[in-house]
Amino acid sequence: MDAASASEEEPCPGPSYRNVLVGTTRSSSTSPRPTINSLDRQELRSLANQEIKDAAQTMSDIVEMLANRTASEEFRRLWANNARLENENEHLRTELRALRRDFSERKKPVSL
C-alpha cells in the first residue's frame, strides 16, 4: 500500500474511540436530567450507580472492540493515519516557508 492510496482512505477506518464513547449512551431517559438539588439521597445514589454502570459498559465495549481488531486492520489504520499526518506535515512545512519568506520581505528596510 503506498502513501497516496492510503491518504485517500478514511483516516481511521472502523469505529473510533471517540465514536464509541459518544455513541454508546445507554441512558434511557430522553427528558432533561434532574438537578442534584431536586433529588433525594436514594435517587442520587441510584443515578450515580446508573452512571457508573454506563461508564463500565462503555469501557467494556472499547476493550472488546480493541481485542477483536486484527493485526491487518490495525496496520491498515495506522498506515492511513501515518500517510494523513505526513501530508498534513508537508502542508504545514510549505505554509511555514511561505510565512517566513513573507516576514523576511516585510522586515527589509525601504531604501529611498
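Mapping to UniProt numbering: the sequence shown position 96 is 96, numbers consecutive. Ideal Cβ positions, reconstructed from N, Cα and C, are used throughout, including at glycine.
#1: Decide if Arg77 is buried, meaning its Cβ has at least 16 other Cβ atoms within 10 Å, or exposed.
#2: In its own chain, which residues sit with a C-beta less than 7 angstroms from the C-beta of Leu92, not counting the 5 before and 5 after it?
#3: What's the call for Ala80, buried or exposed, on a 16-neighbour Cβ count within 10 Å?
#4: Give every residue of the same chain whose Cβ lies closer than 6 angstroms to the Cβ of Lys53, excluding the five residues on either side of it in the sequence, and list them in chain order.
#5: Within a Cβ cutoff of 6 angstroms, which residues of the same chain sit near Glu43, ignoring the five residues on either side of it in sequence?
By the coordinates alone:
#1: The count along the sequence shown starts at 1 and reaches residue 77 at position 77. When all chains shown are included, Arg77 counts as buried.
#2: To locate residue 92, count along the sequence shown from 1; it is residue 92. Nothing listed; no residue qualifies.
#3: Sequence index remark: in the sequence shown, residue 80 carries index 80 (1-based). Label assigned to Ala80: buried.
#4: Residue 53 sits at position 53 when you count from the first residue of the sequence shown. Leaving aside the five residues that flank Lys53 on each side, none in its chain has a CB nearer than 6 angstroms to its CB.
#5: Within the sequence shown, residue 43 is the residue found at index 43, counting from 1. Result list for Glu43: empty, nothing under 6 angstroms.
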